[in-house]
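Note sheet for the following structure.
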Amino acid sequence: MWLNSSTRLAAATSALFLLSLAPSLAQSGAASQVSGLKLAGDKPIQIESDKLEVRQADSVAIFTGNVTVVQGPTLMKAGKMLVYYVKDPNAGAKGAEAAGAAAMTGSANIDHLEISDKVYIKSDQQVATGDQGSFDMKSQVLVLSGKKVVLSQNDNVLVGCKLTVQMKSGLAQVDPCAGQRVQMSITPPPKSDASKSGATNP
């Protein structure tokens, strides 16, 4: 089934993720606790795309063309997103029309998401970009990868080729590109006039 107009999907059971930059990540493949990483599974999600194809037999919804996902303060953009649903053993008895309706309304359980084609995620001042990504609902693992994965917050920037986040524990790991190292640039906040004068006149 194809919908050629802008398509919206609001589903309280859907999940989206919130990234925060971890300034303690090391210069090689590194791991750190990300306290700002949250799973907002209890909030509605809105998806807009140029086209939507629902493959009922495969339990997958395919959003293509200027895909935009919004949940609370979090915005995600990509060229394509696949939403895989847990196959319902009673789908045959319910009929294809009912199965398609479940996928459209988000009432079906989501198994995992796959996003690709210039992935962009923004929440408040935090931004993450990559070529493709995935999120597994059961294991609660988020992976963002590409030729260059960039995490940034204001003037602070972290660059690698793969970001893996364990949603349950908040543990995030950044892996470098082949033959390279993870790169980080941190800009300290400017000192206030009071601190400057205090440092000059103790």
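The numbering of the sequence shown is this note's numbering, which starts it at 26 and goes up by one. Note that CB positions come from ideal geometry on N, CA and C, so glycine has one too.
Residue i vs residue j beta-carbon contact at 7 Å
i: Val-175; j: Ser-210; result: no
i: Ile-140; j: Ala-103; result: yes
i: Met-192; j: Gln-157; result: no
i: Val-94; j: Met-101; result: yes
i: Leu-169; j: Leu-138; result: no
i: Met-162; j: Ile-135; result: yes
i: Val-207; j: Pro-213; result: no
i: Ile-72; j: Gln-96; result: no
Closest by C-alpha distance to residue i, when choosing among the options
i: Val-199; options: Gln-191, Gly-185, Met-192, Lys-193; result: Gly-185
i: Lys-143; options: Val-152, Ile-135, Asp-136; result: Val-152
i: Lys-112; options: Val-92, Gly-171, Arg-80; result: Arg-80
i: Glu-78; options: Gln-71, Ile-70, Thr-89, Pro-69; result: Thr-89
i: Asp-180; options: Pro-215, Leu-138, Ile-135; result: Pro-215
i: Val-190; options: Asp-149, Phe-160, Lys-173; result: Phe-160
i: Lys-173; options: Gln-150, Tyr-145, Leu-196, Leu-167; result: Tyr-145
i: Leu-167; options: Leu-196, Asn-91, Asp-149; result: Leu-196
Residue i burial status per 10 Å Cβ neighbour count (16 or more: buried)
i: Ala-82; result: exposed
i: Gln-178; result: buried
i: Thr-245; result: An answer regarding residue 245 cannot be provided, because it is not within the stretch 26 to 227 covered by the chain.
i: Ala-203; result: exposed
i: Ser-74; result: buried
i: Ser-84; result: buried
i: Gly-171; result: buried
i: Gly-155; result: buried
i: Leu-50; result: Unreliable placement is indicated for Leu-50, whose pLDDT of 37 sits below 50; the coordinate value is still reported in the next sentence. Label assigned to Leu-50: buried.
i: Lys-194; result: Per the sequence shown, the amino acid found at residue 194 is Ser instead of Lys. Counting Cβ neighbours within 10 Å, Ser-194 comes out exposed, since fewer than 16 surround it.
Neighbour flag for residue i against chain B, beta carbons, 7 Å
i: Lys-102; result: Chain labels in this structure do not include chain B; a single protein chain is all it has.
Handout entry: Inside the stretch 149-201 only - alpha helix (DSSP H) runs reaching at least 4 residues
Key = none
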